[in-house]
Structures are given as C-alpha cells and as structure tokens.
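Peer 1: Handing you this structure, nothing more for now.
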Amino acid sequence: MSDSAVRAAGPHPAGVPADLTGLSFEPLTPTSFLDRAAAAHGDRVAVVDGDLRLTYAQLHERCRALAGGLAAIHGGRPVAVLAPNTHVALEATFGVPWSGAPLVAVNTRLSAGEVGYILRHSRASVLVYDPVFDELVEQALAGLDEPPQVVRVGDDYERLISWGEPTAVTPDDERSLLSINYTSGTTGHPKGVMYHHRGAYLQALAMVGHTGLTPSSVHLWTLPMFHCNGWCFPWAVTAAAATHVCLPKVEPARIWELVREQGVTHLNGAPTVLSMIAYAPEAGPVPTPVRVATGGAPPSPAILRRMAELGFDVTHLYGLTETFGPAMICDWRPEWNDLDGDRQARLKARQGVGNLISQAVRVITDDGDDAPSDGTTTGQIALRGNNVMLGYLNDEQATRDAAPDGWFRTGDIGVMHPDGYVELRDRSKDVIISGGENIASVEVEQAIADHPAVLEVAVIAIPDERWGEVPAAYVTLQEGASATEEEIVEHVRSRLARFKAPKRVTFTDLPKTSTGKIQKFVLRDAAWVGREHRIGS
344 MSDSAVRAAG PHPAGVPADL TGLSFEPLTP TSFLDRAAAA HGDRVAVVDG DLRLTYAQLH
404 ERCRALAGGL AAIHGGRPVA VLAPNTHVAL EATFGVPWSG APLVAVNTRL SAGEVGYILR
464 HSRASVLVYD PVFDELVEQA LAGLDEPPQV VRVGDDYERL ISWGEPTAVT PDDERSLLSI
524 NYTSGTTGHP KGVMYHHRGA YLQALAMVGH TGLTPSSVHL WTLPMFHCNG WCFPWAVTAA
584 AATHVCLPKV EPARIWELVR EQGVTHLNGA PTVLSMIAYA PEAGPVPTPV RVATGGAPPS
644 PAILRRMAEL GFDVTHLYGL TETFGPAMIC DWRPEWNDLD GDRQARLKAR QGVGNLISQA
704 VRVITDDGDD APSDGTTTGQ IALRGNNVML GYLNDEQATR DAAPDGWFRT GDIGVMHPDG
764 YVELRDRSKD VIISGGENIA SVEVEQAIAD HPAVLEVAVI AIPDERWGEV PAAYVTLQEG
824 ASATEEEIVE HVRSRLARFK APKRVTFTDL PKTSTGKIQK FVLRDAAWVG REHRIGS
C-alpha cells in the first residue's frame, strides 16, 4: 500500500495488530454509487428520458465530463440547477459534487424573486437551467448584483460536457458540504439546509433497503428531484443499478402510460400525487405490484385502500428537508396481515419508526420529558442521527434553535404508541384550540377524506366570537361527485366527537406547494384577514 493511500487511524486500538491500523478508509460519498454501477452494470439502461436512453457507462462518462466543465468555471462556489425531472437534473446530482462544488437544486415552481433570493443567498457561481425557464431566469437574474454564469440546457450544456476534462473530486471529510436544499419558505425567506456526503450516502442505502430496490427495479420519477435531492433516490436508484424513468411533469395519463410501457416497479410522491394516480380515468389494476413511498402529509385510509385495490403497495415515510427526506418509516409487520382492511389502512397511515440509519425517535412533552408510550400523550417529534443536516446556511441562531440539545425539533406534534410507532397528530401551528379543547386537524381531515365523494381536504382554524376559533374544512370533490356541507358535517360527527366537526365547509381547489403539500397558510391568511390574533395558528 502506498503512503498516499494510508489515512490516520487515531489511537492504536487494543487487540489490533499495529500493522493493520494504517489500512485505508475512504470517506463516504453518494457519488461513489455511480462508479460502482458503471463498473458492474455499465451496459444496462440507466436512464429513460423520452426518446433518450443512457446506459450506466454513458451516464458515468457524461457526469464526469460535466464535472470537468463545471470545475473550470465555478471557482469552488455552489452550482445551481433549475430543471424538471430530466436526465440533466439526474446528471447534476453526480456531476456537480464531482466538480468540487455544492449542488443547489432549485424548486422549479418558484417565482423569479424567490429564485433570485436563492441564487444570491447561496452565492451560486453557475446556474444550469432548462429552456422552459428562459423568461423566469431572465427576470431572476435582473435583480442580482453578481449574477451567476448561465449554462442553458441544449447546445450550451452539451458544449460544456464536450469541453470538460473528466473529473471526479471526492471529499477528504465525509461530513463536508454536499448540497444546499432550500425549505418551502411558507413564512419569510427559505432557509438553506446543508447536506453532508455521509448523510446522503447512508440515507440512500436506507432507501434501497426499505423500498427493495434491485437491478431489476424501474423507478418512475414522480417526486421532484429538487425536493430534498429527491429524498436521496437519485443516489439510491443508482446504488441498486436500477433504471431511472424521467418524468418532467406529473400528468396522470402519462404516469399510467409509463407504468405499463416501462414496467415501473417503484415511485414516490405526496398523497396528493397518489390521489391523482388513483382516480385518473386511465386507472386500473397494474400488471405487477408497484412499491410506492409517500410522505409530506399523512395519507388518508381512503387513499391507501384505493391504491391497494389497484396493486400499489404504499409505505408511509416521514421526514423533512432537514433530515435528507424520510427519517422515519411505517415498517409493516407480518402479523398485521391478518387484520381487516380498515385497521391495516390506519396502521399504514402512522409515521412509524426511525429508518435504518436513524437513531431513536423521541416525542418530547412541553416539560422536556419523553412522552409515555400510550398513544395519547402528545409532544413534539425530535430526531437525531446521520441523516440530520449540518445546519442552516449562514444562520447559526436558527441552527441552534432547531436543535437546542442535539435533538432536532421537527415542529410536528405526535404520540408514541405502545409498539414504539409514532403517529403524527398535527403540525404545532395546526392545533385548533376551540373553547379550551384541542382539536387535531389531521384527525378531522382523515375523517372527511373517508367520505366517498371527497378527493382532498384541508382543515384549519377560523375565528369564532364564542369559541375563539373553530375548525373549518376546505374540500375538493372527486370528479363527477357531489356532496353538501351538511353531509360532510354529519359524516364527521358519525366518526368523531361532535365538537370536532367543521363549522364550515367550503368546496374548492386547494392551494399547494411544488411538492404537492397543501398550503394551509394560504387558507389561514384568508380566513384571518383583519384579525390581530390567531389562537391556534
């Protein structure tokens, strides 16, 4: 072994021969998965993007050339990428880190002002973007004093790859900065969440194990790759040497076409995406089971039952941008197979237990103690482990506030069940306090979602002169279905305490984020306009 391959091993461990303590240990990085896939499965199809097909050998070559081209121009500063779910977004997850710069995957549904803020805050040196965003990019750059160098996908992008000297910079420290992912920014400016190489590597392996990815798997990209770096699935699918099927836009008809045409075995998405798939006109039983990971909100038992009828095996995951995506999984126990369908659906809707690389999950009460495992006592969900961020970019105070004692506070309210599974009861801001009684909006939402005419629902607190605030429901109905406000209210009253039933039901399309999450703050802002105080907000 050459001297350059030897890394310091620290103090000599007892019982280990001295001549073994100098063995080389390479820092963990998710980009190494593409090296392995190209070496072991180089001739197999890695990417399907419309008419484009790339083998793993070709993908490996392109990503290293992209890295070389970027390394010549980025000066060590972050590289931003604004692209839908195409081969470009996938190549960036390997090529940008290999160039020696952090990746900033930009939300494709942001306004020009929001994109400009991210470019400025991250100090991006280069912006790679898809031509569909020509106008948006022009507007975003107009407000910047130091705009990044622009690489437009097409001739410019291919020229950069053709010029690039194949490069693959690997980190000396596996906890060095890999990427910067921006939070949704529902209030104020979004925060830049810093990911490290070690966390992404381990998170990707956890996703391989939990979702059963193999070289035979075909993964359809229904989840945006910009969202938590696609929950680390660009690296996970590659680690398994499975096939990436790109989908630039979530269109139910196209999803069903690709599921049947490409033999899709895996996909991910928020419950709203599952609703679009499940109730599309093209929906029908799949020829072979499709494994689905869902997160972003608790899936209703109704949508879980519908997906099961179509042949989709749904697993509920829970996490945040700050936790590299899914930090918890509702691990299915074999003994639950004998339960009735409704009971199974309700168990599947729980957030579950820590994933393979997470440390123990806690539910912390207001006094700082762990909530008893009684399925009733609520507290804030807290996480710790390899899949927790380095911190917020240029915001040390926010980082300290998020993890005051080393445990990252998620802001979500949950309970710990006797079997060790956590169940989300609410976002802390979504607890409705009506006449001194706490009402969990998620509980009311799931009751309403069980109505056969309901497609989607959001429940918030609205002002009330007598009770301070009361629950109100905003409902989107199934196409061609009908229901009245009285029917929805009575439906809830038949399942929950009467005081939990909504006092108002509005039938409407729901506002959503780019990742499919319902934007309750938009509904809340409209409901409380002109009010100085929101008891439950």
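Position 181 of the sequence shown, counting from 1, maps to 524 under the working numbering, and the rest follow consecutively. In this text, a Cβ means the ideal position worked out from N, Cα and C, and glycines have one as well.
1. Any contact of the region 413–422 with the region 377–394, i.e. 3+ C-beta pairs under 8 Å?
2. Please list, in chain order, all residues of the same chain as Glu-404 whose beta carbon is under 7 Å from its beta carbon, the five residues on each side excluded.
3. Measuring CB to CB, does Pro-641 end up less than 7 Å from Ala-692?
4. Pick helix, strand or coil for Leu-563, following the three-state DSSP scheme.
5. Rounded to whole angstroms, what's the CA-CA distance from Lys-863 to Val-480? Just pull it up for me.
6. Look up His-403 in the DSSP assignment and say whether it is helix, strand or coil.
7. Roughly how far, in whole angstroms, is the beta-carbon of Ser-522 from the beta-carbon of Tyr-538, given that I think they are within contact range, below 8 Å?
8. Buried or exposed, going by whether 16 or more other CB atoms sit within 10 Å of the CB of Ser-784?
9. In three-state DSSP terms, what is Asp-807?
10. Is it the case that the Cβ atoms of Ala-804 and Ala-826 are separated by a distance below 7 Å?
11. If you drop the 5 nearest sequence neighbours on each side, which residues of the same chain put their C-beta closer than 8 Å to that of Ile-791?
12. Does DSSP classify Phe-882 as helix, strand or coil?
13. Would you mind stating whether Val-704 and Ala-714 have Cβ atoms separated by less than 7 Å?
14. Quick check on Thr-569: does DSSP put it in helix, strand or coil?
15. Could you tell me which of Ala-400, Ala-511, Gly-497 sits nearest to Ala-381, measuring between CA atoms?
16. From the DSSP output, which residues share a beta bridge with Tyr-500?
17. Closest to Thr-526 by C-alpha separation, out of Leu-453, Ala-583, Val-493, Gln-492, would be which residue?
18. Between Met-671, Glu-739, Gly-734, Gly-754, which has its C-alpha nearest Pro-708's C-alpha?
19. So, is Asn-737 buried or exposed, given that buried needs 16 or more other C-beta atoms within 10 angstroms?
20. For Asn-730 versus Thr-666, is the C-beta distance shorter than 7 Å?
21. From which residue to which residue does the beta strand (DSSP E) around Ala-448 run?
22. Is there contact here, the region 847–862 with the region 611–631, by at least three beta-carbon pairs under 8 Å?
23. What do you reckon, are the CB atoms on Ile-700 and His-553 nearer than 7 Å?
24. Return the chain-ordered ranges of every alpha helix (DSSP H) run that is complete within the region 563–629 and spans a minimum of 4 residues.
25. Touch check for the region 453–465 and the region 473–491: three-plus C-beta pairs under 8 Å?
26. Flag this pair as yes or no: are the beta carbons of Leu-425 and Tyr-472 separated by less than 7 Å?
27. Using only the alpha-carbon positions, how far apart do Ala-408 and Asp-499 sit?
28. Give the straight-line distance between the Cα atoms of Gln-546 and Asp-386, rounded to the nearest whole angstrom.
29. Assuming Gly-734 contacts Thr-742 under a Cβ cut-off of 8 Å, what Cβ separation, rounded to an integer in Å, is found between them?
30. So, helix, strand or coil for Glu-788, using DSSP?
31. Ignoring anything shorter than 4 residues or poking outside the region 673–715, list the alpha helix (DSSP H) runs there in chain order.
32. Look at the Cβ atom of His-562, then the Cβ atom of His-532, and state whether they are nearer than 7 Å.
33. Would Thr-719 and Pro-591 be called neighbours here (beta carbons separated by less than 7 Å)?
34. What three-state label does DSSP hand Lys-855 in the structure shown?
35. Quick check on DSSP: helix, strand or coil for Val-633?
36. Can you find the residues in the same chain that come closer than 6 Å, C-beta to C-beta, to Leu-503, ignoring five residues on each side of it along the sequence?
Peer 2: A quick look at the data gives this:
1. At 8 Å Cβ cutoff, the stretches do not touch.
2. Locating residue 404 in the sequence shown gives position 61, counting from the first residue. Counting only Cβ-Cβ distances below 7 Å, and skipping sequence neighbours, we find nothing.
3. Taking the first residue of the sequence shown as position 1, residue 641 is located at position 298. Taking the first residue of the sequence shown as position 1, residue 692 is located at position 349. In contact: Pro-641 and Ala-692 (Cβ atoms closer than 7 Å).
4. Taking the sequence shown and counting its residues from 1, one reaches residue 563 at position 220. Reduced to three states, the DSSP call for Leu-563 is strand.
5. Along the sequence shown, read from residue 1 onward, the residue named residue 863 stands at position 520. Along the sequence shown, read from residue 1 onward, the residue named residue 480 stands at position 137. One C-alpha to the other measures close to 28 Å.
6. Taking the first residue of the sequence shown as position 1, residue 403 is located at position 60. Helix.
7. The residue labelled residue 522 in the question sits at position 179 within the sequence shown. The residue labelled residue 538 in the question sits at position 195 within the sequence shown. Sure, about 5 Å apart at Cβ, within 8 Å.
8. Your numbering for residue 784 matches position 441 in the sequence shown. Buried, because 16 or more other Cβ atoms sit within 10 Å of the Cβ of Ser-784.
9. Reading the sequence shown from its first residue, position 464 is the one you call residue 807. Note: Asp-807 maps to strand in three-state DSSP.
10. On the sequence shown, position 461 is the one that residue 804 refers to. On the sequence shown, position 483 is the one that residue 826 refers to. Not closer than 7 Å, so no.
11. Counting from 1 along the sequence shown, the entry for residue 791 is found at position 448. Non-local C-beta neighbours of Ile-791 in its own chain, meaning closer than 8 Å and more than five positions away in sequence, comprise Val-797, Val-800, Val-802, Ala-816, Val-818, Ile-831, His-834, Val-835, Pro-845, ordered along the chain.
12. Missing from the structure shown is residue 882; the chain here goes from 344 to 880 and no further.
13. Translated into positions along the sequence shown, residue 704 becomes position 361. Translated into positions along the sequence shown, residue 714 becomes position 371. Not a contact, by the Cβ cut-off of 7 Å.
14. For this step, residue 569 is matched to residue 226 along the sequence shown. The displayed chain sequence assigns Phe, not Thr, to residue 569. Residue state, collapsed to three classes: coil.
15. As a first step, residue 381 must be located in the sequence shown, where it is residue number 38. The residue with the shortest Cα to Cα distance from Ala-381 is Ala-400.
16. To locate residue 500, count along the sequence shown from 1; it is residue 157. Partner(s): none; Tyr-500 has no beta bridge.
17. Numbered from 1 along the sequence shown, position 183 holds the residue referred to as residue 526. When each option's Cα is compared against that of Thr-526, the closest is Leu-453.
18. Here residue 708 corresponds to residue number 365 of the sequence shown, with the count starting at 1. Residue 708 is actually Thr in this sequence, not Pro. It is Gly-754 whose Cα lies nearest to the Cα of Thr-708.
19. Translated into positions along the sequence shown, residue 737 becomes position 394. In summary, Asn-737 is exposed, with fewer than 16 beta-carbon neighbours lying within 10 Å of its beta-carbon over all protein chains present.
20. As a working note, residue 730 is residue 387 in the sequence shown. As a working note, residue 666 is residue 323 in the sequence shown. The answer is yes: Cβ separation under 7 Å.
21. By one-based count along the sequence shown, residue 448 stands at place 105. Per DSSP, Ala-448 belongs to the beta strand (DSSP E) from 446–448.
22. They touch, by the three-pair rule.
23. For the purposes of this step, residue 700 is identified with residue 357 of the sequence shown, where counting begins at 1. For the purposes of this step, residue 553 is identified with residue 210 of the sequence shown, where counting begins at 1. Taking a C-beta distance under 7 Å as the contact criterion, Ile-700 and His-553 do not qualify as a contact pair.
24. Counting only runs that start and end inside the region 563–629, the alpha helix (DSSP H) elements of at least 4 residues fall at 571–574, 576–582, 595–605, 614–621.
25. Yes, the region 453–465 touches the region 473–491.
26. As a position in the sequence shown, residue 425 is number 82, starting the count at 1. As a position in the sequence shown, residue 472 is number 129, starting the count at 1. Result yes, Cβ atoms of Leu-425 and Tyr-472 sit closer than 7 Å.
27. Walking along the sequence shown from the start, residue 408 turns up at place 65. Walking along the sequence shown from the start, residue 499 turns up at place 156. Cα to Cα, Ala-408 sits roughly 14 Å from Asp-499.
28. On the sequence shown, residue 546 is found 203 positions in, with the first residue counted as 1. On the sequence shown, residue 386 is found 43 positions in, with the first residue counted as 1. Looking at the two C-alpha atoms, the distance is approximately 26 Å.
29. Working through the sequence shown from its first residue, we reach residue 734 at position 391. Working through the sequence shown from its first residue, we reach residue 742 at position 399. Rounded, the Cβ-Cβ distance is 4 Å, consistent with contact.
30. Translated into positions along the sequence shown, residue 788 becomes position 445. Here Glu-788 sits in helix by DSSP.
31. Taken in chain order, the complete alpha helix (DSSP H) segments of 4 residues or longer contained in the region 673–715 are 684–691.
32. Position 219 of the sequence shown, counted from the start, is the residue given in the question as residue 562. Position 189 of the sequence shown, counted from the start, is the residue given in the question as residue 532. Cβ distance not < 7 Å, so His-562 and His-532 don't count as in contact.
33. Numbered from its first residue, the sequence shown carries residue 719 at position 376. Numbered from its first residue, the sequence shown carries residue 591 at position 248. Pairing Thr-719 with Pro-591 gives a Cβ-Cβ distance that is not under 7 Å.
34. On the sequence shown, residue 855 is found 512 positions in, with the first residue counted as 1. Strand.
35. One-based indexing of the sequence shown puts residue 633 at position 290. Three-state result, Val-633: strand.
36. Start at 1 with the first residue of the sequence shown, and residue 503 comes out as number 160. Around Leu-503: Gly-412, Val-494.
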